Amino acid sequence: MEVRLLDLSRQYRGIAEEVRAAVDAVFGDCAFILGRRVAEFEAAVAAYCGVKYAVGVASGTDALLLSLRALGVEHGEEVITTPYTFFATAGAVWNAGGRPVFVDIDPATFNLDPGRIEDAVTERTKVILPVHLFGQVADMDPIREIAERRGLRILEDAAQAIGARYHGRRAGRFGDLTGFSFFPSKNLGAAGDGGMVVTDDEDLAAAVRALRAHGGRDRYVHEVVGYNSRLDALQAAVLSVKLPHLDEWSEGRRRHAALYDEAFRGMEEVTPPPVPPGHVPIYNQYVIRCRDRDGFKAFLADRGVGTAIYYPRPLHLQECFRGLGYREGDFPEAERAAAETLSLPVYAELTEAEQNHVIESIRAFYAGRAG
């Protein structure tokens, strides 16, 4: 049996007629850049997240970059973040002119460890940039306490976490700004690239709107140099069809995660992702720790099970960041996670037979290594 890590075609088949009708309507109007459909989708996302403003941009990466610019990050100012995340998190800091300052992760949740942040704060620190990795909100209460006490801004990287909740509130409610990604593999995925910035701050929202349109608040009048980073109407149309299904799809992922959790209970070789009290993750990925990760991955591939490694090399060890002065061993938990973790299929349309095949294959690998 073949079990793909993700099969977007199954999701599409369930909404194909709606998507085609929405796309045809855009072509009927021939209004492709911003406009009514983007504004309506922005309003829907703001309402979903429980915030006042949402600004559509070209990608999740741009959502972070424009947010950092809106927060006024200047050359050499420091942004505290995690070394265990997708490259765009630190890449956006660098491209905004800032300096990424890494802090190790909580070994259980893989998110930024709040207990390590304070030691990384300097007189040049401007922003804390926690990542809600794999669809689970970072421990935001202590992070917010540090930020408020030290006069720092917070930018949430919620690229993988739209709809995830922390003590009753959804991602997007904990920072000055939040960036979402609509990359096709996300729980809410576009038919290409797309992103969104949400905030309760009117001035920050206005700044992001200007930055996405070459820095102009009015046409042909530019107060700053910005970017061409607009969410287009075709993507907004597709995403508007998908948004009403988002909670249902995320709940499907949670059901699959619960079955994995139960299947792996008592297995010393596999550690499922824990969910701390007050957290409701969306499982953009279901990531386990496992023994002999690379041999395990190869065995599953032979049995037709798709997996992925998120992420095989922490950011502090990337060649492009060598000038930051970090070395191997500086962030041992991030490095250990990079060596031990593997993502399993968890998408909502996964069948019972497919998930059972994944579980049986995992048990077979470790049973064969017993003794």
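Mapping the sequence shown onto the working numbering, position 127 (from 1) lands on 124, and the numbers just tick up by one.
Note that the Cβ used here is the ideal one computed from N, Cα and C, for glycine as well.
In this text the structure is predicted, and so the values were computed from the model without any measurement.
Residue i and residue j: beta carbons closer than 7 Å?
| i | j | result |
| --- | --- | --- |
| alanine 168 | alanine 156 | no |
| valine 35 | alanine 210 | no |
| glutamate 373 | glycine 57 | No answer is possible for residue 373: the residues shown for the chain start at -2 and end at 368. |
| glutamate 14 | valine 238 | no |
| serine 403 | valine 267 | The chain is shown only over -2 to 368; residue 403 falls outside these bounds and no answer can be derived. |
| tyrosine 9 | alanine 334 | no |
| phenylalanine 171 | glutamate 142 | no |
| valine 76 | leucine 126 | yes |
| isoleucine 390 | alanine 331 | What the structure shows of the chain is the stretch from -2 to 368, and residue 390 is not part of that stretch, so it cannot be assessed. |
| phenylalanine 261 | proline 274 | no |
Return the residue from the list the options that minimises the CA-CA distance to residue i.
| i | options | result |
| --- | --- | --- |
| alanine 67 | Ala93, Ile279, Leu228 and Gly57 | Ala93 |
| leucine 347 | Leu321, Leu339, Tyr308 and Tyr283 | Tyr283 |
| isoleucine 159 | Val194, Glu142 and Asp190 | Val194 |
| aspartate 291 | Met(-2), Thr304 and Tyr280 | Thr304 |
| cysteine 317 | Leu5, Pro97, Ala43 and Val35 | Pro97 |
| arginine 310 | Tyr9, Ala336, Gly326 and Ala203 | Ala336 |
| asparagine 108 | Leu228, Tyr344, Ala334 and His129 | His129 |
| glutamate 115 | Val218, Leu174, Gly95 and Gly148 | Gly148 |
| alanine 255 | Ala18, Ala345, Ala89 and Ala230 | Ala345 |
| lysine 49 | Val235, Pro139, Ala161 and Asp198 | Asp198 |
| arginine 300 | Val124, His276 and Glu351 | Glu351 |
| proline 139 | Gln133, Ala161 and Arg113 | Arg113 |
| glycine 47 | Pro80, Ala161, Asp26 and Pro127 | Ala161 |
| valine 90 | Ile151, Arg252 and Leu62 | Leu62 |
| leucine 3 | Arg17, Lys183 and Leu236 | Lys183 |
| lysine 123 | Gln133, Ile102, Thr78 and Gly165 | Thr78 |
| alanine 419 | Pro271, Val277 and Glu74 | Past the edges of the chain, shown from -2 to 368, lies residue 419, and the structure says nothing about it. |
| isoleucine 306 | Ser340, Ala203, Gln315 and Pro278 | Ser340 |
| alanine 55 | Arg252, Glu349, Ser178 and Pro278 | Ser178 |
| alanine 44 | Glu248, Glu265, Ile356 and Thr196 | Thr196 |
Is residue i near the ligand FAD, in the sense that its beta carbon is under 6 Å from a heavy atom of that ligand?
| i | result |
| --- | --- |
| valine 52 | Absent from the structure shown: the ligand FAD. Ligands present: none. |
When you compare only the Cα positions, how much space is there between residue i and residue j?
| i | j | result |
| --- | --- | --- |
| tyrosine 280 | arginine 288 | 22 Å |
| histidine 72 | alanine 135 | 27 Å |
| glycine 368 | phenylalanine 293 | Annotation note: pLDDT 44 at glycine 368 (below 50); position unreliable, coordinate value reported separately. Those two C-alpha atoms are separated by around 17 Å. |
| arginine 250 | phenylalanine 180 | 18 Å |
| aspartate 258 | leucine 243 | 22 Å |
| phenylalanine 131 | alanine 364 | 28 Å |
| glycine 176 | valine 70 | 16 Å |
| arginine 33 | arginine 319 | 45 Å |
| histidine 354 | glutamate 37 | 42 Å |
| proline 329 | leucine 321 | 17 Å |
| valine 42 | glycine 189 | 18 Å |
| valine 100 | arginine 121 | 16 Å |
| serine 226 | isoleucine 285 | 35 Å |
| proline 342 | threonine 119 | 41 Å |
| leucine 201 | leucine 174 | 8 Å |
| glutamate 220 | isoleucine 30 | 22 Å |
| alanine 361 | proline 104 | 27 Å |
| threonine 338 | leucine 312 | 16 Å |
| glycine 208 | alanine 22 | Correcting the residue type first, residue 208 is leucine in the shown sequence and not glycine. Computed Cα separation, rounded: 28 Å. |
| glycine 186 | leucine 240 | 9 Å |
| glycine 223 | histidine 164 | 36 Å |
| phenylalanine 24 | serine 64 | 31 Å |
| leucine 231 | glycine 192 | 13 Å |
| glycine 263 | alanine 298 | 24 Å |
| leucine 236 | valine 272 | 28 Å |
| leucine 5 | arginine 324 | 39 Å |
In the DSSP assignment, the alpha helix (DSSP H) including residue i goes from what residue to what residue?
| i | result |
| --- | --- |
| methionine 137 | 137 to 147 |
| threonine 86 | 85 to 92 |
| proline 329 | 329 to 337 |
| glutamate 15 | 5 to 26 |
| glycine 57 | 57 to 67 |
| tyrosine 363 | 349 to 364 |
| glutamate 248 | 243 to 261 |
| arginine 34 | 33 to 46 |
Could you check where the beta strand (DSSP E) with residue i kicks off and where it finishes?
| i | result |
| --- | --- |
| serine 178 | 174 to 178 |
| phenylalanine 99 | 96 to 99 |
| isoleucine 285 | 283 to 287 |
| alanine 51 | 50 to 54 |
| aspartate 154 | 150 to 154 |
Requested in this report: Could you tell me whether the segment 198 to 215 touches the segment 80 to 91, where touching means 3 or more Cβ pairs closer than 8 Å?
Outcome: no
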